[in-house]
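All residue numbers for the sequence shown refer to our numbering, where the first residue is 9 and numbers rise by one. For glycine and all other residues, C-beta sits at the position ideal for the given N, C-alpha and C. Note that the structure is predicted; figures quoted are calculated from it, not measured. Working notes for the structure below.
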Amino acid sequence: MDKLVRAITKDGTVKAVAVTTKDLTERARNIQKTLPVATAALGRALAAASMMGNALKEEAASLTLQIKGGGPLGTVLAVSDHLGNVRGYVQNPQIDLPLREDGKLDVGGAVGAEGTLTVIRDLGMKEPYIGSVGLLGGEIAEDLAAYFVESEQIPTACALGVLVDRDQSVKAAGGYIIQLLPGADEDVITKVEGGVLAAGPVTKLLDQNSDPEALLRTVLSDFKVDILETSPIAYKCYCSRDRVERALISMGVADLEDLLREQGGCELGCQFCDTVYRYTAEELRELIDRLKDQKSEEA
Numbered sequence: 009m010d011k012l013v014r015a016i017t018k019d020g021t022v023k024a025v026a027v028t029t030k031d032l033t034e035r036a037r038n039i040q041k042t043l044p045v046a047t048a049a050l051g052r053a054l055a056a057a058s059m060m061g062n063a064l065k066e067e068a069a070s071l072t073l074q075i076k077g078g079g080p081l082g083t084v085l086a087v088s089d090h091l092g093n094v095r096g097y098v099q100n101p102q103i104d105l106p107l108r109e110d111g112k113l114d115v116g117g118a119v120g121a122e123g124t125l126t127v128i129r130d131l132g133m134k135e136p137y138i139g140s141v142g143l144l145g146g147e148i149a150e151d152l153a154a155y156f157v158e159s160e161q162i163p164t165a166c167a168l169g170v171l172v173d174r175d176q177s178v179k180a181a182g183g184y185i186i187q188l189l190p191g192a193d194e195d196v197i198t199k200v201e202g203g204v205l206a207a208g209p210v211t212k213l214l215d216q217n218s219d220p221e222a223l224l225r226t227v228l229s230d231f232k233v234d235i236l237e238t239s240p241i242a243y244k245c246y247c248s249r250d251r252v253e254r255a256l257i258s259m260g261v262a263d264l265e266d267l268l269r270e271q272g273g274c275e276l277g278c279q280f281c282d283t284v285y286r287y288t289a290e291e292l293r294e295l296i297d298r299l300k301d302q303k304s305e306e307a
């Protein structure tokens, strides 16, 4: 089961969060029909969004992580609720690239580095908070660390990884975000940097042990750590027939009548999950009549 762990060092100088996201990344792969490099990019974005979304706490809050790097994958998007449950998609899931010289998936090449990483925090207020930074390399983790430093002035270490098996299924996935709190001195920075370096690639750690608490304790091995929260996370979509109906209504009478005339009904698939909503000619006609009635009442 996928899990999120949030922690703080006993000396109060470092906060950290880690996730294991193998199951939800595999769910996303099956929905989106992603090839390995797209699976890796989407999986990294989902892990990052989960950790950031879980930090919001307001019940109606959501966080959207959008990466537009100009690469062949197109837009990579992940959305989290306040608990860390996520959903997402990649614009071109069937992109395939040769492996890098070191034998790893070329996520940076697939995402591209000529673009932006944007974070949208919707706390249920009139306007969402939007922060955006230029991409460094499209590998996502270092781009996210740069976002925290530039947009929020929080020194951050971030590691994200997806290990794809020979059959293209997800073998391991997850990551961590480690952030310095006010009062952290050079000694703390040296310890964090040393721990990150000694721990090595996050996919290797997750393949050996899928417990996010073990991941945090390995990376923060020079600190005593208090676990603040452990919670399950999952791939969760909030689409519904009501939402789809509202989207259809927003098209207006003319477009709906065109749809009815040309197709005699419609099928709409959710971009985040594999649910398909079907509307018969009769149901479309009912929507059109309802819209016309509303307009005549308003007149």
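Hey, how far is the Cα of residue i from the Cα of residue j?
{"i": "residue 187", "j": "residue 80", "result": "32 angstroms"}
{"i": "residue 16", "j": "residue 60", "result": "16 angstroms"}
{"i": "residue 116", "j": "residue 153", "result": "15 angstroms"}
{"i": "residue 266", "j": "residue 226", "result": "60 angstroms"}
{"i": "residue 4", "j": "residue 172", "result": "Lying before the first or after the last residue shown, residue 4 is absent from the chain, which here runs from 9 to 307."}
{"i": "residue 77", "j": "residue 304", "result": "47 angstroms"}
{"i": "residue 12", "j": "residue 189", "result": "20 angstroms"}
{"i": "residue 199", "j": "residue 229", "result": "9 angstroms"}
{"i": "residue 128", "j": "residue 136", "result": "6 angstroms"}
{"i": "residue 118", "j": "residue 88", "result": "23 angstroms"}
{"i": "residue 30", "j": "residue 301", "result": "49 angstroms"}
{"i": "residue 193", "j": "residue 83", "result": "38 angstroms"}
{"i": "residue 237", "j": "residue 185", "result": "15 angstroms"}
{"i": "residue 9", "j": "residue 286", "result": "33 angstroms"}
{"i": "residue 101", "j": "residue 71", "result": "22 angstroms"}
{"i": "residue 108", "j": "residue 210", "result": "18 angstroms"}
{"i": "residue 251", "j": "residue 65", "result": "24 angstroms"}
{"i": "residue 175", "j": "residue 269", "result": "44 angstroms"}
{"i": "residue 239", "j": "residue 290", "result": "45 angstroms"}
{"i": "residue 36", "j": "residue 243", "result": "7 angstroms"}
{"i": "residue 110", "j": "residue 206", "result": "19 angstroms"}
{"i": "residue 69", "j": "residue 113", "result": "33 angstroms"}
{"i": "residue 133", "j": "residue 247", "result": "21 angstroms"}
{"i": "residue 123", "j": "residue 284", "result": "32 angstroms"}
Candidates the options: which alpha carbon is nearest residue i's?
{"i": "residue 241", "options": "34, 40, 58 and 184", "result": "58"}
{"i": "residue 162", "options": "21, 261, 119 and 10", "result": "21"}
{"i": "residue 3", "options": "194, 74, 221 and 202", "result": "Any answer about residue 3 is impossible in this case: the structure gives the chain only from 9 up to 307."}
{"i": "residue 91", "options": "25, 233, 123 and 155", "result": "25"}
{"i": "residue 34", "options": "23, 14 and 55", "result": "55"}
{"i": "residue 196", "options": "232, 136 and 220", "result": "232"}
{"i": "residue 125", "options": "236, 132 and 143", "result": "143"}
{"i": "residue 292", "options": "70, 282 and 274", "result": "274"}
{"i": "residue 263", "options": "295, 65, 250 and 204", "result": "295"}
{"i": "residue 288", "options": "272, 85 and 224", "result": "272"}
{"i": "residue 222", "options": "247, 202, 245 and 183", "result": "183"}
{"i": "residue 138", "options": "159, 120 and 145", "result": "159"}
{"i": "residue 121", "options": "141, 105 and 156", "result": "141"}
{"i": "residue 41", "options": "104, 14, 114 and 201", "result": "104"}
{"i": "residue 131", "options": "201, 18, 67 and 23", "result": "67"}
{"i": "residue 260", "options": "243, 282, 205 and 298", "result": "298"}
{"i": "residue 23", "options": "284, 283 and 224", "result": "224"}
{"i": "residue 106", "options": "164, 145 and 43", "result": "43"}
{"i": "residue 245", "options": "204, 86, 63 and 203", "result": "86"}
{"i": "residue 5", "options": "62, 63, 145 and 45", "result": "Given a span of 9 to 307 for the chain in the structure shown, any question on residue 5 remains unanswerable."}
Per DSSP, what are the beta-bridge partners of residue i in this structure?
{"i": "residue 126", "result": "74 and 140"}
{"i": "residue 23", "result": "16 and 187"}
{"i": "residue 58", "result": "BP columns for residue 58 are empty, so no partner."}
{"i": "residue 95", "result": "87"}
{"i": "residue 28", "result": "11 and 182"}
{"i": "residue 288", "result": "273"}
I'd like to confirm something about residue i: is its beta-carbon nearer than 7 angstroms to some heavy atom of the ligand ATP, or not?
{"i": "residue 301", "result": "Ligands displayed in this structure: none; no statement on the ligand ATP is therefore possible."}
> What are the uninterrupted segments assigned as beta strand (DSSP E) that are 3 or more residues long and contained completely in the segment 142-178, given in chain order?
Replying inline: 164-172
> If you pair each beta-carbon of the segment 249-258 with each one of the segment 49-57, do three or more pairs fall below 8 angstroms?
Replying inline: no
>> Whether or not the segment 213-222 and the segment 173-180 are in contact is what I'm after, with contact meaning three or more pairs of Cβ atoms, one per stretch, closer than 8 angstroms; do they touch?
In response: yes
> Do the segment 162-178 and the segment 137-149 make contact, defined as three or more Cβ pairs closer than 8 angstroms?
Replying inline: yes
>> Which runs of the alpha helix (DSSP H) at least 4 residues long sit entirely within the segment 206-286? Give them in chain order.
In response: 210-216, 220-227, 249-258 and 261-271
> Are the segment 278-293 and the segment 90-107 touching, with three or more C-beta to C-beta distances below 8 angstroms?
Replying inline: yes
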